[in-house]
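J.: The numbering of the sequence shown is this note's numbering, which starts it at 3 and goes up by one. Quick reminder that beta carbons are idealized off the backbone N, C-alpha and C, glycines included.
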Amino acid sequence: MEIVMDNQKEGSLRLLTSGEIRLAKSIFGDSIHYHKVWIHHGSYLPFGLQDKNTAMSPNGELYFRAWYSNDFSLTNMSNQHLFIHEMSHVWQRERGMNVIFRGLVSWAVSYRYQLGNRTLRCYPMEQQAQIIADYFVLKTYGYQVWKMLRARGDVTLDGDTSEAAIRQQYQKTMQFFPWN
3 MEIVMDNQKE GSLRLLTSGE IRLAKSIFGD SIHYHKVWIH HGSYLPFGLQ DKNTAMSPNG
63 ELYFRAWYSN DFSLTNMSNQ HLFIHEMSHV WQRERGMNVI FRGLVSWAVS YRYQLGNRTL
123 RCYPMEQQAQ IIADYFVLKT YGYQVWKMLR ARGDVTLDGD TSEAAIRQQY QKTMQFFPWN
């Protein structure tokens, strides 16, 4: 594979940009080894079997096809949400979660979740990543953008979505995040 920074040729890869590191640090702090994270413009699966509209991060690296960007920190909120979701899998892997094994069944699991009296650790892998990405949107862009992305299906929280309720519920769920 060719290492590139400035083009979007499928089959290329690159390290995180400084903007992407800042974006990820806004939610993960220093809990990820950012200098080791590669972003691939291409399929993780052999023979290009990764669907073009599917992102994957099974091995601590991010794989995008149609949704690839030269710099996710310069993209729209929906793409940043996806980037943070995938970076969540990097974070999970660095905490010892078997992301490859759990990812084998991720097509069959729900990304939808409800917040309650549980901390982030109590949720399954994909729901954890979704909660982190949804919380990132709320924290970074505010409730109105969070609501807009929920209406589009990016944010997947079920239940009471009034601003006061979700802020309180996310605070409880995320209280020990990110743990090292």
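Quick check: what's the CA-CA separation for Gly-62 versus Arg-114?
T.: 23 Å
J.: Roughly how many angstroms separate the alpha carbons of Ser-57 and Ala-131, rounded to a whole number?
T.: Note that residue 57 corresponds to Ala in the displayed sequence, not to Ser. Taking the straight line from one Cα to the other gives about 13 Å.
J.: Alpha carbon to alpha carbon, how far is Met-127 from Gly-50? Give it in angstroms, no decimals.
T.: 25 Å
J.: Please go through the same chain and pick out, in chain order, the residues whose beta-carbon is closer than 8 Å to the beta-carbon of His-87, but skip the five residues on each side of it.
T.: Ala-57, Ala-131, Gln-132, Ile-134, Ala-135
J.: Mind checking which residues open and close the beta strand (DSSP E) that includes Leu-25?
T.: Here Leu-25 belongs to no beta strand (DSSP E); instead the alpha helix (DSSP H) covers 20-30.
J.: Verify whether the separation of the beta carbon atoms of His-35 and Leu-64 is less than 8 Å.
T.: no
J.: Of all the options Cys-124, Val-157, Gln-129, which has the alpha carbon lying nearest to the alpha carbon of Leu-140?
T.: Val-157
J.: With burial defined as no fewer than 16 other Cβ atoms inside 10 Å of the residue's Cβ, what is the status of Gln-177: buried or exposed?
T.: exposed
J.: When you compare each of Gln-52, Phe-66, Thr-77, Leu-117 to Gln-171 by their alpha carbons, which one comes out closest?
T.: Leu-117
J.: So what does Asp-160 bridge to, in DSSP terms?
T.: Gln-116, per the DSSP bridge assignment.
J.: Relative to the alpha-carbon of Arg-67, which residue among Gln-52, His-37, Asp-162 has its alpha-carbon at the smallest distance?
T.: Gln-52
J.: Assess, as a yes-or-no matter, whether the stretch 143-153 is touched by the stretch 91-102 under the definition of 3 or more beta carbon pairs within less than 8 Å.
T.: Cβ pair count under 8 Å is below three, so no.
J.: Out of Gly-13, Ser-28, Ser-14, which has the shortest C-alpha to C-alpha gap to Ser-20?
T.: Ser-28
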